[in-house]
Amino acid sequence: DIQMTQSPSSLSASVGDRVTITCRASRTISTYLSWYQQKPGKAPKLLIHSVSSLQSGAPARFSGSGSGTDFTLTISSLQPEDFATYYCQQSYTLPWTFGQGTKVEIK
Amino acid sequence: EVQLVESGGGLVQPGESLRLSCVASGFTLSNYALSWVRQAPGMGLEWVSAIGGSGDRTSNADSVRGRFIISRDNSKNTVYLQMNSLRAEDTAVYYCAKASQGGTYAATRGDYFDYWGQGTPVTVSS
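Residue numbers (the working numbering), protein chains in the order written: chain V, 1 to 107; chain D, 1 to 126.
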């Protein structure tokens, strides 16, 4: 199975901060990488697919980059509604696997 | 509007069975694969099972292979997850999620989950 490792596991940031979350795959996944946002008690919500394609309705302050094994999710200016847990997911080969999550908390 | 609504969760004892349902609306179910993804309390997301649009292609995670069966009834716009021989480690919220790409395969390289249901909780405990 492809292991997905996110860092950090959690971070504290203030409104307006630039936030970067990284995701590393245990082997190459080309550009088959998606990012999801999950708020407490809610289902995950797709933010970005194919590394950098913003899902319809997702705010433009979210962006993604990377290829191969190393990927990043960037929030250009953190907003109050962005405090949540973020997961990366590979769809290169089954089983689909997710990172362990990065919890973004208010500083 | 695409909607996925899960039901069927509950409290069961180890070794018992449970069947989850996911009713889809707002899109043609037979054109898309659907997956079940679960989340244990306080933990991350784990893909469990997937089924292709026509229902004859399925795939399961090793952790549930031989115990869980995914199926679908496109005439009822419903996907099912039959869970047998349940274990304490199966305790989780179970989400159904629509694959982004159409087709008959259970999973396609490059797929992502563009819509999710609200989840149904399953607790396995004596």
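Beta carbons are placed, not taken as given, at the ideal position from N, Cα and C, and that holds for glycine.
Going by C-alpha positions, Lys39/V is about 6 angstroms away from Thr85/V. In terms of beta-carbon proximity, Ala43/V lines the interface with chain D, with at least one pair separated by less than 7 angstroms.
Closer than 7 angstroms to the CB of Asp56/D there is not a single CB belonging to chain V. Within the segment 11-68 of chain D, no run of alpha helix (DSSP H) reaches 4 residues while sitting entirely inside it.
Leaving aside the five residues that flank Thr28/D on each side, none in its chain has a CB nearer than 6 angstroms to its CB. With contact defined as three or more Cβ pairs closer than 8 angstroms, the segment 83-102 of chain V and the segment 27-46 of chain V are in contact. Between Thr97/V and Ile29/V, the C-beta spacing is not below 7 angstroms. Proximity to Asp17/V across Ser77/V, Lys45/V, Thr93/V and Gln100/V peaks at Ser77/V, based on C-alpha coordinates. Judged by DSSP in its simplified three-state form, Asp90/D adopts helix.
Along the segment 44-64 of chain V, going in chain order, the ones with a CB nearer than 8 angstroms to a CB of chain D are Pro44, Lys45, Leu46, His49, Ser50 and Gln55.
Counted as a single uninterrupted DSSP element, the stretch harbouring Lys39/V is not any beta strand (DSSP E), since DSSP gives it neither H nor E.
In the DSSP assignment, the residues bridged to Arg72/D are Val79/D.
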